[in-house]
Every structure is written in structure tokens, then in C-alpha cells.
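Quick notes on the structure that follows.
Residue numbers (my numbering): -14 to 131.
This is how it looks when you write it as C-alpha cells:
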């Protein structure tokens, strides 16, 4: 009797593994997007601070100074918000990576189990074939001596 076929289970696990890969790639992409936004915000803020310092050396109107200071404060607030978002995205990436590793291990275990089961089935068939050939040989030998 043929044992339970693991093909359906293996295909299902493969789909789950592919879904986990997709979710991990999406999480990584979102993390990279937010990281780029953080880098751009840092660069813009640094540029404004440098420009403000340069203009202060050259002499600056109070109104212009206030606009620079307000924009720098706004960018500081935006940067803090983006850094919190980046931290959350990083946690999601770590969680999805763990999920992907788990699904990968489950798939590998089932793959090895299927290979072992297939090998046992082949051995079973080979033994039965050998028995059948032995019976044929015995029957042929018995007819010969009758």
C-alpha cells in the first residue's frame, strides 16, 4: 500500500514559503524607503543649519533667521517621526525574517521527510519485485522437474 503522499502538503508549504519571501521583501523595501527619507531629512536639516550659520556670519535679518529656525525645528520634528517609523519598520523586517526562516525550515524538514518516504517506498517496491521474481523462478523450476 502506497503511503500518504506529501506532495500536497509540500506544495502548500512551498506556497507559504513564497508568501513569506514576498512579505519579507516588501518589509525590506518599506524599511529602505523610510531609511532613505530619514537620510534626506538629515541632509536637508544639515544643509539648512550650515546655510543659517553662513548667513549669520554674513549678517541676516531677524525674519529670515526665524524662518530658518522654524524650518529646522519642523525638520527636527519630522526626523523624530521618521526615526520612530524606521524603528517600527526595522522591527517588522526582523519579525518577517524570523517568519521566513521558520517557513524555510519547515519546508526543508518536509522535503527531507518526502525524500525519506520516497526512498522507503522504492525499497518496498524493489523487495516486492524481488519476491515476485523469486516466486516466478520457483514456479518455473518446479514445472521443470515435474
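Note that beta-carbon positions come from the ideal geometry of N, C-alpha and C, so glycine has one too.
Am I right that residue i and residue j are in contact with their C-beta atoms under 8 Å? What's the rounded C-beta distance?
i: residue -9; j: residue 87; result: Their Cβ separation, rounded to whole angstroms, is 19 Å, which puts residue -9 and residue 87 out of contact at 8 Å.
i: residue 67; j: residue 22; result: 5 Å
i: residue 2; j: residue 92; result: 5 Å
i: residue 19; j: residue 71; result: 5 Å
i: residue 6; j: residue 95; result: In fact, because the Cβ distance is near 17 Å, the residues do not count as touching under 8 Å.
i: residue 74; j: residue 24; result: Going by Cβ atoms, the distance from residue 74 to residue 24 rounds to 14 Å, so no, they are not a contact pair.
Can you give me the Cβ contacts of residue i inside the same chain, cut-off strictly under 6 Å, excluding the 5 residues immediately before and after it?
i: residue 133; result: In the structure displayed, the chain extends from -14 to 131; residue 133 sits before or after that span and is not available.
Would you call residue i buried or exposed, if buried means 16 or more other Cβ atoms sit within 10 Å of its Cβ?
i: residue 0; result: exposed
i: residue 61; result: exposed
i: residue 42; result: exposed
i: residue 109; result: exposed
Whose C-beta lies closer than 7 Å to the C-beta of residue i among residues of the same chain, with five residues either side of it excluded?
i: residue 35; result: none
i: residue 77; result: 12
Counting only the same chain and skipping the five closest in sequence on each side, list residues whose C-beta sits under 8 Å from that of residue i.
i: residue 30; result: 57, 60, 61, 64
i: residue 98; result: -9
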